[in-house]
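**Q** Input: one structure, supplied below.
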Amino acid sequence: MIKLTKRQDEILKIVKESGPITGQQIAEKLSLTRAALRPDLAILTMAGNLDARPRVGYFFNHNHEVKQQAEQFILRKVADYKAFPIVVEKSTSVYDAIVQLFLEDVGTLYAVDSDGYLAGVISRKDLLRTAIGNKDLQELPCSVIMTRMPNIITVTPDETLLEAAKKMITNHIDSLPVVKEINPGNHTYLLVGRITKTTITRAYLEIMEQNSV
Numbered sequence: 001m002i003k004l005t006k007r008q009d010e011i012l013k014i015v016k017e018s019g020p021i022t023g024q025q026i027a028e029k030l031s032l033t034r035a036a037l038r039p040d041l042a043i044l045t046m047a048g049n050l051d052a053r054p055r056v057g058y059f060f061n062h063n064h065e066v067k068q069q070a071e072q073f074i075l076r077k078v079a080d081y082k083a084f085p086i087v088v089e090k091s092t093s094v095y096d097a098i099v100q101l102f103l104e105d106v107g108t109l110y111a112v113d114s115d116g117y118l119a120g121v122i123s124r125k126d127l128l129r130t131a132i133g134n135k136d137l138q139e140l141p142c143s144v145i146m147t148r149m150p151n152i153i154t155v156t157p158d159e160t161l162l163e164a165a166k167k168m169i170t171n172h173i174d175s176l177p178v179v180k181e182i183n184p185g186n187h188t189y190l191l192v193g194r195i196t197k198t199t200i201t202r203a204y205l206e207i208m209e210q211n212s213v
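Using UniProt numbering, read the sequence shown as starting at 1 and increasing by one per residue.
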C-alpha cells in the first residue's frame with residue numbers, strides 16, 4: 001500500500017465528505033492552486049483511492065478502501081493475536097477435563113505429553129459425546145478420546161490470519177493450536193498458543209474500526 005502524505009490524506013477526506021467534487025473546488029478548500037494539486041490527484045487516482053469523471057469531478061473509491069482494509073487483515077500474523085492455550089495432560093480424566101472446559105469457558109482443550117509437547121486436541125463435542133451414558137468419566141483418560149497427531153490441524157505464529165481462517169473453514173473447526181515445530185518428521189510440536197474464529201473476527205473488527213476513525 002502507498003504511504004500517503006498529509007496533503008493527500010486531506011484530499012481524501014474532502015472527497016469522501018463532499019464528492020463528487022472538482023479539482024478546483026478541492027484546491028479552494030485547501031487554499032492552493034489547481035496546478036499545485038495536480039500531482040497529488042494523479043497519484044490518488046492511479047492508486048485507486050479516487051475515481052475521476054470528466055465534467056463531474058472526483059469520487060471517493062469505497063471499494064478500494066475495503067480492499068485496503070482486507071489487505072491489512074490478510075497480512076496480520078497469528079503471532080500478534082494468539083491467545084494463551086488451555087492445556088491438560090493427556091492422562092487427565094475426562095471428568096476433570098469437562099470441569100476445566102467450563103471453568104475456562106472455552107470450546108477446546110489441548111492435551112500435552114510428559115515433555116510438554118502437543119499430544120492431542122479435545123473439543124466440547126468430544127467431551128459431550130463421551131459423557132453421554134458413560135459412568136466412569138473419572139477413570140477414563142483424555143488420551144482415549146482426543147484427536148491425535150497427525151490428524152491435528154495446526155498453525156504457526158508466522159502464518160497469517162487469512163491462512164488460519166482458511167484452515168478452520170476447510171476443516172470445519174472453531175480453533176487451531178499455534179505451534180512451533182520441534183521435529184516435523186515425528187510430529188513433535190511445542191504448543192505456544194491458540195487462535196479461534198472469535199479471535200479472527202475480533203481482529204477484523206479492530207482493523208475496520210481503526211480505519212473508520
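C-beta atoms are modelled at their ideal positions from N, C-alpha and C, and glycine is treated no differently. As the structure is a computational prediction, the values presented were derived from the model and not from experiment.
(1) In this structure, how does DSSP classify G120 when only helix, strand and coil are distinguished?
(2) Which whole runs of the beta strand (DSSP E) in the region 90–147 are 3 residues long or more, in chain order?
(3) What first and last residue would you give for the beta strand (DSSP E) that runs through L176?
(4) Based on the DSSP output, what are the partners of D51 in its beta bridges?
(5) Does V213 pass the burial test, meaning 16 or more other C-beta atoms within 10 Å, or should it be called exposed?
(6) Determine contact between the region 158–170 and the region 103–115, defined as no fewer than three beta-carbon pairs at a distance below 8 Å.
(7) What's the gap between the Cα of I86 and the Cα of H62?
(8) Compare the beta carbon distance of I153 and I173 with 9 Å and say whether it is the shorter of the two.
**A** Taking the definition as stated:
(1) strand
(2) 108–112, 118–123
(3) 175–183
(4) F59
(5) In this prediction, V213 has a pLDDT of 48, which is less than 50 and means its spatial position is unreliable; nothing more can be read from the coordinates.
(6) no
(7) 41 Å
(8) yes
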